[in-house]
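Have a look at the structure below, then the notes.
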Amino acid sequence: MKRNIIALIGLAVLCSVWLTACKSKQQASSSLTPWLQESVATLNERYSVITLYELDGESYYAVFCRGPRQSFDMNRTTIYDADGNVYMTLGGMKKRTGREEYFFNNAIDKGVIWKSDVARQEEQEKEKK
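Letter by letter, the sequence shown follows residues -21 to -1, 1 to 108 of mature numbering (1 follows the signal peptide of the UniProt record, and there is no 0).
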C-alpha cells in the first residue's frame, strides 16, 4: 500500500512537470509575432534559433539557421525588424558593414526566444556528455 502511494505521488509530480514544460513551450510560441509563428514551422526542421534584440526602442529578431554541412556558406543569420522586413543578413564571405557594427555595438540582446526541436535535442545530447 505504501509503495502504491509513493508511486502515485511520483506520477503526479512527473505529470505536473510535463504539463508545465508543455505550457511554457506553448507560451514561447504564442509570444512570437504572427509572421514569426508562420516561419517557425519550417525553421523547426533544422537547427534554428531566434534571438530578440532591442535597438533605438525597436525590436529586432535575429534568426540563425544552420545550413547543410557541405555548403560553402554553412551558417546564416537574418535580422528582421518587428514587421518582418529584412534589416540585414549576416554570414558568408562578405565584409562586415557599418550597419552591422552599429547594430552589434548598440543593440541590447534580450535573449533567445525560440529554439527549434533540432537545436534543443542537440543541446540535450551535449549536456549528457
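By construction, the Cβ of each residue, glycine as well, lies at the ideal position given by its N, Cα and C atoms.
Here the structure is a predicted model, which means the values were calculated and not measured.
Asked                                                                                                                                                                                : Found
Please state whether DSSP places S10 in a helix, a strand or coil.                                                                                                                   : coil
Drop a sphere of 10 angstroms on the beta-carbon of I87, count the other beta-carbons inside from all chains shown, and report buried for 16 or more, exposed for fewer.             : exposed
Spatial neighbours of K108 within its chain, please: CB distance less than 8 Å, with the 5 preceding and 5 following residues excluded, ordered by chain position.                   : none
Count the other CB atoms within 10 Å of the CB of Y59; is the residue buried (16 or more) or exposed (fewer)?                                                                        : buried
Just list the residues that DSSP pairs N54 with in beta bridges.                                                                                                                     : R45
What is the DSSP secondary structure of K73, counted as helix, strand or coil?                                                                                                       : coil
For a test of the three-state rule: what should DSSP assign to D96, helix, strand or coil?                                                                                           : helix
Please work out which residues of its chain come closer than 8 Å, Cβ to Cβ, to N85, disregarding the five sequence neighbours upstream and downstream, and give them in chain order. : L34 and D35
Below 8 Å between beta carbons: does that hold for R45 and Y32?                                                                                                                      : no
Can you list, in chain order, the residues of its chain whose CB lies under 7 Å from that of T57, leaving out five sequence neighbours each side?                                    : V42, V65 and T68
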